[in-house]
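Those protein sequences? They're chains A and B, same order as listed.
Here the UniProt record's numbering is used: the first sequence runs in plain steps of one and ends on residue 251.
Here the UniProt record's numbering is used: the second sequence runs in plain steps of one and ends on residue 277.
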Amino acid sequence: MLELPPPLLTLDGVSHGPRTLHDASLSLYPGEVLCLVGKSGAGKSTLLRIAAGLLPPGKGRALLPGGVSLYELPEQVLVSLRRRRFGFVAQDAGDTLDMAASAAANIAQPLFDNGERHFGRALAAARRWFAALDLDAARLGDRPGVFSGGMRQRLQIARALVHGPEILFLDEPTNGLDTAAQARLLTLLSDLQRCTGVAMLLVTHDLRIARLIAHRVLVLEAGGVVEEAPPDRLIADPRHPAARDLVAAMI
Amino acid sequence: MTETFAYLDEDSKRAVRRTILKALAVPGYQVPFIAPEMPIAYGWGVGGMVVTASLLGADDRLKVTDHGSDETVNAVNIRAFFTRTAGIGTTTRTREATIVQVRQRVPEAELVERQVVVYQVPRPDPLRAFVDSAVEAARMHAHADYGRVYTRLFEEKTGSHGAVQPGYDYPVLVQGRYLMSPSPVPKRDNVRLNDCPAIQIFGAARERRLYALPPYTRVESIAFEDVPFDPGLPEDGRRCVVCGCGESHLDHLLLRDDGMSEWVCSDTECCAERADA
Chain A
1 MLELPPPLLT LDGVSHGPRT LHDASLSLYP GEVLCLVGKS GAGKSTLLRI
51 AAGLLPPGKG RALLPGGVSL YELPEQVLVS LRRRRFGFVA QDAGDTLDMA
101 ASAAANIAQP LFDNGERHFG RALAAARRWF AALDLDAARL GDRPGVFSGG
151 MRQRLQIARA LVHGPEILFL DEPTNGLDTA AQARLLTLLS DLQRCTGVAM
201 LLVTHDLRIA RLIAHRVLVL EAGGVVEEAP PDRLIADPRH PAARDLVAAM
251 I
Chain B
1 MTETFAYLDE DSKRAVRRTI LKALAVPGYQ VPFIAPEMPI AYGWGVGGMV
51 VTASLLGADD RLKVTDHGSD ETVNAVNIRA FFTRTAGIGT TTRTREATIV
101 QVRQRVPEAE LVERQVVVYQ VPRPDPLRAF VDSAVEAARM HAHADYGRVY
151 TRLFEEKTGS HGAVQPGYDY PVLVQGRYLM SPSPVPKRDN VRLNDCPAIQ
201 IFGAARERRL YALPPYTRVE SIAFEDVPFD PGLPEDGRRC VVCGCGESHL
251 DHLLLRDDGM SEWVCSDTEC CAERADA
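Here's what the structure looks like:
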């Protein structure tokens with residue numbers, strides 16, 4: 001029987017607020033793409049933020065390998081761990097990008113936050129990620145405000161991956177993009193995942209995105225996890241009414 | 001009613017001296033500071049005056065400069081104030097002074113162990129350029145979380161918008177630990193803060209913060225490992241019209257009738273010595 005490696009991150013019965021999230025659990029394995037799907041208000045983003053070390057749960061625990069409880073770590077250890085081992089891509093690029101700094105500085109900031117003090121290495125990393133994400137190297141010095149929505153999302157992804165995190169958290173990364181830009185971004189994420197082996201926890205309300213990129217899907221409804229399945233099985237045979245609604249919405 | 005020595009009451013002076021001792025014990029750390037009132041408005045040099053008042057003794061000789069000059073209104077009035085309230089002697093020669101109160105410059109003359117240099121500081125925390133919250137800035141100092149300072153330096157070298165770090169008040173790292181504002185001195189003055197034999201005390205009354213450098217403290221301007229700090233050399237061809245020096249920090253002071261600029265040394269003491277030589 002195939003033995004799974006220990007999970008990189010486990011959420012064990014987490015709850016938040018009176019209704020937002022209750023008793024939700026998940027495990028994220030190395031190299032896995034796990035999608036959280038559900039309609040608006042289902043608790044997807046809250047669960048993502050708890051997993052990313054950004055929002056302490058009211059109840060339950062977030063566990064790292066070795067049984068380390070994320071939210072029982074001293075604040076500075078948590079901040080440092082988050083900076084080294086996690087990357088975060090928000091729905092709105094303005095939430096993570098510094099609009100007053102150049103694209104290169106935005107990409108390099110996680111390196112400096114993690115103690116990099118070498119200009120040449122930081123610049124080389126920014127250039128490398130610019131090229132990897134198909135951005136024009138001549139625009140390294142431009143500020144994010146002059147980039148298109150899709151390019152800003154790619155900038156966010158570069159910033160989230162530049163320091164080589166173990167887990168990339170993505171909160172509806174294709175939100176607001178046209179269909180072509182969505183497809184390009186998902187292909188890029190798929191390729192990056194294969195190249196870097198980074199585990200991804202991705203929030204979306206669109207099962208088509210989950211089908212393109214996920215290894216496993218969790219369906220959330222009214223703050224709880226109601227179904228878990230590989231995307232193809234979920235689409236072919238949704239068992240919970242919430243999952244059936246999502247499948248119906250694909251057509 | 002009789003005035004107390006050097007204007008401040010003894011309790012206030014004692015409180016400030018305790019703060020100074022704490023600041024000297026943790027070089028570069030911003031210590032909360034009572035900043036008692038002086039007869040000028042906060043933001044006009046009260047921090048420097050309070051520190052000077054708390055340190056002055058009857059045998060001290062005080063030198064005060066503003067932008068390097070002994071002759072500005074600020075310098076002349078502060079000297080006159082302490083002459084009147086403490087009866088102490090003043091001087092314009094650094095080597096004769098026991099306390100040198102300055103604003104906007106580090107003295108160009110050599111400093112020695114028995115001296116104290118007092119800086120007037122408008123904005124004591126370099127991190128407040130990045131975060132609005134004083135609490136968050138204090139947390140960042142506590143954890144030496146200085147990545148953003150390097151990001152700004154990186155931005156300056158890679159962005160399309162030119163210099164974002166001004167040529168003055170260029171942040172320094174004290175003993176490899178605390179990020180510190182050198183006060184708004186030109187960044188080429190930063191090198192003179194390092195390994196200085198004199199005690200250096202920085203008072204920011206409006207912001208209620210005081211920090212200090214004990215003698216021979218290691219002070220390094222923020223720089224990348226592979227791109228050394230650039231102190232900003234004087235521009236070619238500019239010379240002081242009084243002493244002819246092209247190496248000192250020059251002030252753009254005079255406009256001639258023909259519209260051309262002229263330059264004079266900002267440090268009037270050193271300029272006068274060069275002119276007399």
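We treat Cβ as the ideally placed atom computed from N, Cα and C, and that holds for glycine.
- Interface residue (Cβ-Cβ distance to chain B less than 8 Å): Gly120 of chain A is classified as such.
- Among the CB atoms of chain A, one or more fall inside 8 Å of the CB of Gly159 of chain B.
- Here Ser183 of chain B is buried: its Cβ has 16 or more other Cβ atoms, across all protein chains shown, within 10 Å.
- For Phe224 of chain B, the residues of chain A that pass the 7 Å Cβ criterion are Arg117, His118, Phe119, in the order they occur in the chain.
- Beta bridge pairing from DSSP links Arg61 of chain A with A:Asp12.
- Linking Pro126 of chain B to Gly53 of chain A through their CA atoms gives a straight-line distance of about 28 Å.
- Following the DSSP letters along the chain, one finds Gln76 of chain A inside the alpha helix (DSSP H) bounded by residues 75-85.
- Chain order gives no chain B residues near Gly145 of chain A, where near means a beta carbon separation below 8 Å; the closest approach is about 12 Å.
- The beta-carbon separation of Gly68 of chain B and Gln120 of chain B, rounded to 13 Å, does not stay under the 8 Å limit for a contact.
- Gly224 of chain A sits in a strand when the DSSP states are folded into three classes.
- For Ile107 of chain A, there is no enclosing beta strand (DSSP E); the residue is part of the alpha helix (DSSP H) that begins and ends at 103-113.
- For Val106 of chain B, the three-state secondary structure derived from DSSP is coil.
- Here the C-alpha atom of Tyr150 of chain B lies approximately 29 Å from the C-alpha atom of Ile50 of chain A.
- Interface with chain A (8 Å Cβ-Cβ cutoff): Val227 of chain B is included.
- Across the structure, Asp232 of chain A and Arg211 of chain A are spaced so that their CA atoms are roughly 7 Å apart.
- Neighbourhood of Gln76 of chain A in chain B, by CB distance below 7 Å: His143, in chain order.
- In the three-state reduction of the DSSP assignment, Ala86 of chain B falls in the helix class.
- Along the length of the stretch 191-270 of chain B, whole beta strand (DSSP E) runs at least 3 residues long occupy 199-204, 209-213, 219-221, 250-255, 261-265, reported in chain order.
- With a threshold of 8 Å between beta carbons, Thr52 of chain B makes no contact with chain A.
- Per the DSSP secondary-structure output, Arg61 of chain B pairs in a beta bridge with B:Gly89.
- Leaving aside the five residues that flank Ser190 of chain A on each side, the residues in its chain whose CB is nearer than 6 Å to its CB run, in chain order, Ile213.
- Contacts between Ala105 of chain A and chain B, judged by CB atoms closer than 7 Å, involve Thr151, Phe154, Glu155, Thr158, Gly159 in chain order.
- Against chain B, a Cβ distance below 9 Å from Leu123 of chain A picks out Phe154, Lys157, Thr158.
- Gly176 of chain A and Gly149 of chain A have their C-alpha atoms roughly 8 Å apart.
- Listed along chain A, no residue sits closer than 7 Å to Gly176 of chain B by beta-carbon distance, the nearest being about 12 Å off.
- Contact of Gly147 of chain B with chain A by beta-carbon distance below 9 Å involves Arg83, Gln109, Pro110, Leu111, Phe112, Asp113, Asn114, Gly115, Glu116.
- Listed along chain B is no residue with a C-beta nearer than 8 Å to that of Gly87 of chain A; the closest approach is about 15 Å.
- Ala132 of chain A: member of the alpha helix (DSSP H) spanning 119-132, first to last residue.
- The distance from the Cβ of Tyr211 of chain B to that of Met260 of chain B is about 42 Å, inconsistent with a contact at the 8 Å cut-off.
- For the pair Asn74 of chain B and Gly45 of chain B, the Cα-to-Cα distance works out to about 9 Å.
- Between Leu246 of chain A and Val203 of chain A, the gap from beta carbon to beta carbon reaches 8 Å or more.
- Met38 of chain B carries a strand assignment under DSSP once its states are collapsed to helix, strand and coil.
- If you look at Val116 of chain B, you'll find it in the beta strand (DSSP E) that goes 116-120.
- With 16 or more other CB atoms across the displayed protein chains lying within 10 angstroms of its CB, Lys187 of chain B is buried.
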